[in-house]
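S.K.: Those protein sequence lines, which keep their order, are chains A and B.
So the first sequence is numbered by the working numbering: it starts at 1 and just counts up by one.
So the second sequence is numbered by the working numbering: it starts at 1 and just counts up by one.
Here a beta-carbon is modelled for each residue, glycine too, at the ideal position from N, C-alpha and C.
Since the structure is predicted, the reported quantities are computational estimates derived from the model, not experimental observations.
After the structure tokens below, expect a handful of questions from me.
There are 2 protein chains.
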Amino acid sequence: MGANTILTPAIINQAAGLAELAERWRRQGDEIALVPTMGALHEGHLSLVRAARNAAGRVIVSIFVNPTQFGPHEDLAKYPRTLDHDLELLRPLGVDAIFTPDENELYPPGFSTFVQPPDLSVLWEGAIRSTHFRGVTTIVLKLLLLSRATITFFGQKDFQQAAVVRRMLIDLNVGCALRVLPTVREPDGLAMSSRNRYLSADDRRRATALYRVLTNAQQALASGERDGHALAAEMNQALIDAGFDSVDYAVACDPETLQMADPIRLPVVLLVAARIGGTRLIDNLLFEGP
Amino acid sequence: MGANTILTPAIINQAAGLAELAERWRRQGDEIALVPTMGALHEGHLSLVRAARNAAGRVIVSIFVNPTQFGPHEDLAKYPRTLDHDLELLRPLGVDAIFTPDENELYPPGFSTFVQPPDLSVLWEGAIRSTHFRGVTTIVLKLLLLSRATITFFGQKDFQQAAVVRRMLIDLNVGCALRVLPTVREPDGLAMSSRNRYLSADDRRRATALYRVLTNAQQALASGERDGHALAAEMNQALIDAGFDSVDYAVACDPETLQMADPIRLPVVLLVAARIGGTRLIDNLLFEGP
């Protein structure tokens, strides 16, 4: 494909249509990459799509705000839906198909089978959002099976989500590889997120503390800090001092089990979730050694 | 393939080996049929294998006594394991691959993702055996994904199991068709089951009541009986009178939702489960009209 070729992707909104197209590709021997998104695309998503484009002969991007991963009091209704803009952003990237189903297409009447996510889903995000990961694993499995994907791409920003999905892929023998790509950040360090647009200008400024607190903790680790509880307490206090309203968690964990580490052994992942002006932000940093 | 050709199936006990072989077949465009069994094969299983042979270019039979579908006080330890005999029975049927993994191959350390089965799994068998269908849907999904199956075969004898699996295949977009084949019976009507061998000679004779009670109820339906509770009570009493120790359920249900039907509308399925001499037997009869 020439550098200037722009491929017009198939826009598909029916599950059967996606399955049929993908099955044809698979039977041709094509590798198929799926990048599952909820739309409101930003540079983080686009980095996943570019990696998918390099890795596989066929690239499918799904855009679906998945209701089953939202709790009853969460932001499902106000979650940003920017389909036209998303399609614009994807246009230069050479995607083969974009899957934009409506809710009824993926959750038809009588739907009641879910993926019960692995044990590590009860920690952190799962402790705060009790049915969140059940919704995530269910929709990810459905999309992977419909798209006959042989590889899928997730962002490290949702660190626990990637760990949960990785365990699901193994446990259910899904036969799909997982690649996790680095968090893409704004120039001031804030992790890109579709939810950043909820922030007021003031809160947006204060929100930079999230990454600053993580990099400070990383420096402490590099200087030899191994007290997991002390580091957690420090991150917690620093977030409150910086203007966050509350901290859901700020911890140092084993990157695979996500159990809190104390004493800390490397590699370690720092996970934080905190609230500011009604918006909940998460971020993380993996530290493998100095 | 000539009528006298006997194909030697590949015997595979590693999940990765099965996936690799099946993926190759799928990429060649072969249809792949999976017949999942727990071994202790009888004519019921063999009828599924023959149908699979007719339906698909590649036939995989799995033989795996799945621990997650047994309750803590059930018969996992004593469940019959007759692998050599099973292989003998399969030999003339022209199977392409037989998958006989050990437990660790399908449930490795850290395994903790399950399929949470659909709503209808809480009824009848699910009410008595609380985690049974979770085990069934989990292993069936795993085996279908490993074998890249495009069609799978189940026996009607486990009516609710087939209904649960059908719903799972739809809900999780598995992309695999389901065929349910008629129950194969002994000459005296007893449904073939690997568990029949648990029965003493006396209990084996009494066990024929299970099918007799079902056919009597079918005659009542043909004569116009539409009182669901009366029919259930009659079946229940007849089973006790015939020497069953207890009846778990004996009911007339909607074949799709498995909700008890009263008044009865057609089609209707009669479901029974009863215990005799420590053995639990199930059977059913679908009545679509006179």
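Kindly list the residues whose CB is nearer than 7 angstroms to the CB of B/T257, restricted to its own chain and excluding five residues on each side of it in sequence; keep chain order.
M.R.: For the purposes of this step, residue 257 of chain B is taken as residue 257 along the second sequence, with counting starting at 1. Contacts found: L120.
S.K.: Going along the chain, which unbroken runs of the alpha helix (DSSP H) with 4 or more residues stay wholly within the stretch 38-112 of chain B?
M.R.: Complete alpha helix (DSSP H) runs here, min 4: 43-55, 83-90, 103-106.
S.K.: To which residues of the same chain is B/S42 closer than 7 angstroms at the C-beta, ignoring the five residues directly before and after it?
M.R.: Numbered from 1 along the second sequence, position 42 holds the residue referred to as residue 42 of chain B. What sits at residue 42 of chain B in the sequence shown is His, not Ser. Excluding positions up to five away in sequence, the list reads M192, S194.
S.K.: Across which residues does DSSP place B/Y211 in a beta bridge pair?
M.R.: To locate residue 211 of chain B, count along the second sequence from 1; it is residue 211. DSSP lists no partner for B/Y211.
S.K.: Taking buried to mean at least 16 other C-beta atoms within 10 Å of its own C-beta, is A/T294 buried or exposed?
M.R.: Because chain A spans 1 through 290 in this model, residue 294 of chain A falls outside it and cannot be assessed.
S.K.: Given that B/A15 touches chain A, what residues does it touch there, using C-beta distances under 8 angstroms?
M.R.: In the second sequence, counting from the first residue as 1, residue 15 of chain B sits at position 15. Result: N173.
S.K.: Tell me which residues share the same chain as B/V247 and place their Cβ nearer than 7 angstroms to its Cβ, disregarding the 5 neighbours each side in the sequence.
M.R.: Taking the first residue of the second sequence as 1, we reach residue 247 of chain B at position 247. Only N236, L239, I240, A274 meet the Cβ criterion.
S.K.: Here's a check: name, in chain order, each residue in its chain whose Cβ is nearer than 6 angstroms to the Cβ of B/G71, leaving out the five neighbours to either side.
M.R.: Position 71 of the second sequence holds residue 71 of chain B. Hits under 6 angstroms: R129.
S.K.: For the stretch 138-163 of chain B, enumerate the residues whose C-beta is nearer than 7 angstroms to any C-beta of chain A, in chain order.
M.R.: From the stretch 138-163 of chain B, only L141, K142, L145, L146 have a Cβ closer than 7 angstroms to chain A.
S.K.: Expressed to the nearest angstrom, what Euclidean distance is found between the alpha-carbon atoms of B/V59 and B/G155?
M.R.: Within the second sequence, numbered from 1, the residue matching residue 59 of chain B stands at position 59. Within the second sequence, numbered from 1, the residue matching residue 155 of chain B stands at position 155. Their backbone Cα atoms lie some 16 angstroms apart in a straight line.
S.K.: Mapping the DSSP letters down to three states, classify A/N173 as helix, strand or coil.
M.R.: Position 173 of the first sequence, counting from 1, holds the residue named residue 173 of chain A. A/N173 falls in the coil class under three-state DSSP.
S.K.: Using alpha carbons as the reference points, say which of B/L21, B/L285, B/G289, B/I32 lies closest to B/P182.
M.R.: Mapped onto the second sequence, residue 182 of chain B falls at position 182. With distances taken between Cα atoms, B/P182 lies closest to B/L285.
S.K.: Ends of the alpha helix (DSSP H) at B/N236?
M.R.: One-based indexing of the second sequence puts residue 236 of chain B at position 236. From DSSP, the alpha helix (DSSP H) with B/N236 extends over 228-241.
S.K.: Give me the Cα-Cα distance between B/A22 and B/L210, rounded to the nearest whole angstrom.
M.R.: Looking up residue 22 of chain B in the second sequence gives position 22. Looking up residue 210 of chain B in the second sequence gives position 210. Whole-angstrom Cα-Cα distance: 40 angstroms.
S.K.: Using the beta-carbon of each residue, which ones in chain B are nearer than 9 angstroms to A/P255?
M.R.: The sequence position of residue 255 of chain A within the first sequence is 255, counting from 1. None at all; the shortest Cβ gap to chain B is about 14 angstroms.
S.K.: Please work out which residues of its chain come closer than 8 angstroms, Cβ to Cβ, to B/L76, disregarding the five sequence neighbours upstream and downstream, and give them in chain order.
M.R.: Your numbering for residue 76 of chain B matches position 76 in the second sequence. Correct list, in chain order: V65, P67, F70.
S.K.: Taking only beta-carbon atoms, is A/Q116 less than 8 angstroms away from chain B?
M.R.: Along the first sequence, one-based indexing puts residue 116 of chain A at 116. By this cut-off, A/Q116 is an interface position.
S.K.: Can you give the Cα-Cα distance for A/L178 and A/A33, rounded to whole angstroms?
M.R.: Within the first sequence, residue 178 of chain A is the residue found at index 178, counting from 1. Within the first sequence, residue 33 of chain A is the residue found at index 33, counting from 1. If I take the Cα positions, the gap works out to 10 angstroms.
S.K.: Would you be able to state if there are at least three C-beta pairs under 8 angstroms between the stretch 90-109 of chain B and the stretch 128-147 of chain B?
M.R.: Result yes; three or more Cβ-Cβ pairs closer than 8 angstroms.
S.K.: Would you kindly work out how many angstroms separate the C-alpha atoms of A/P255 and A/V268, rounded to a whole number?
M.R.: On the first sequence, residue 255 of chain A is found 255 positions in, with the first residue counted as 1. On the first sequence, residue 268 of chain A is found 268 positions in, with the first residue counted as 1. Rounded to the nearest angstrom, the two C-alpha atoms are 6 angstroms apart.
S.K.: Quick one: residues in its chain with C-beta nearer than 6 angstroms to the C-beta of B/V302, no 5 flanking neighbours on either side, listed in chain order?
M.R.: Beyond the ends of chain B as shown, which are 1 and 290, falls residue 302 of chain B; an answer cannot be given.
S.K.: May I ask you to report which of helix, strand or coil DSSP gives A/I139?
M.R.: Taking the first sequence and counting its residues from 1, the one referred to as residue 139 of chain A is at position 139. DSSP places A/I139 in helix when its eight states are reduced to three.
S.K.: Taking just the CA atoms, how far does B/V251 sit from B/G289?
M.R.: One-based indexing of the second sequence puts residue 289 of chain B at position 289. One-based indexing of the second sequence puts residue 251 of chain B at position 251. Roughly 17 angstroms between the two C-alpha positions.
S.K.: Taking its Cβ as the centre, do 16 or more other Cβ atoms sit within 10 Å of B/V272, making it buried, or is it exposed?
M.R.: Here the question's residue 272 of chain B lines up with position 272 in the second sequence. By the 10 Å Cβ count, B/V272 comes out buried.
S.K.: When the Cα of A/A19 is compared with those of A/R197, A/N54, A/A162, A/P101, which residue comes out closest?
M.R.: If you number the first sequence from 1, residue 19 of chain A lands on position 19. Closest option to A/A19, Cα to Cα, is A/P101.
S.K.: May I have the straight-line CA-CA distance separating B/V165 from A/L266, to the nearest angstrom?
M.R.: The sequence position of residue 165 of chain B within the second sequence is 165, counting from 1. The sequence position of residue 266 of chain A within the first sequence is 266, counting from 1. Straight-line Cα distance between these residues: approximately 43 angstroms.
S.K.: Using the three-state DSSP reduction, which class does A/C274 fall into: helix, strand or coil?
M.R.: Position 274 of the first sequence, counted from the first residue, corresponds to residue 274 of chain A. Reading off the sequence, residue 274 of chain A comes out as Ala, not Cys. Correct three-state label for A/A274: strand.
S.K.: Comparing C-alpha positions only, which one of B/N173, B/Q259, B/R53 sits nearest to A/P108?
M.R.: Locating residue 108 of chain A in the first sequence gives position 108, where the first residue counts as 1. Out of B/N173, B/Q259, B/R53, B/N173 has the C-alpha closest to the C-alpha of A/P108.
S.K.: Would A/T113 count as contacting chain B if we go by Cβ distances under 8 angstroms?
M.R.: On the first sequence, position 113 is the one that residue 113 of chain A refers to. Closer than 8 angstroms: yes.
S.K.: Which whole-angstrom value describes the C-beta separation of B/T279 and B/D158, a residue pair presumed to lie in contact below a C-beta threshold of 8 angstroms?
M.R.: Along the second sequence, read from residue 1 onward, the residue named residue 279 of chain B stands at position 279. Along the second sequence, read from residue 1 onward, the residue named residue 158 of chain B stands at position 158. Contact flag wrong, Cβ pair sits at about 16 angstroms.
S.K.: Can you tell me whether A/A33 is helix, strand or coil according to DSSP?
M.R.: Position 33 of the first sequence, counted from the start, is the residue given in the question as residue 33 of chain A. In the structure shown, A/A33 sits in a strand (DSSP, three-state: E or B).
S.K.: On the three-state DSSP scale, how would you describe B/A16?
M.R.: Here residue 16 of chain B refers to the residue found at position 16 when the second sequence is read from its first residue. If DSSP states are grouped into helix, strand and coil, B/A16 belongs with the helices.
S.K.: Taking all protein chains shown into account, do 16 or more other C-beta atoms lie within 10 angstroms of the C-beta of A/S200, making it buried, or fewer, making it exposed?
M.R.: In the first sequence, the residue the question calls residue 200 of chain A occupies position 200. By the neighbour-count rule (16 or more Cβ atoms within 10 Å), A/S200 is not buried but exposed.
S.K.: Are any of the Cβ atoms in chain B nearer than 8 angstroms to that of A/M168?
M.R.: Looking up residue 168 of chain A in the first sequence gives position 168. Yes, contact with chain B.
S.K.: Are the beta-carbon atoms belonging to B/A56 and B/E31 less than 8 angstroms from one another?
M.R.: If you number the second sequence from 1, residue 56 of chain B lands on position 56. If you number the second sequence from 1, residue 31 of chain B lands on position 31. Contact flag set, yes.
S.K.: How far does the alpha helix (DSSP H) with A/I128 in it extend, from its first residue to its last?
M.R.: For the purposes of this step, residue 128 of chain A is taken as residue 128 along the first sequence, with counting starting at 1. Counting along the chain, the alpha helix (DSSP H) containing A/I128 begins and ends at 125-128.
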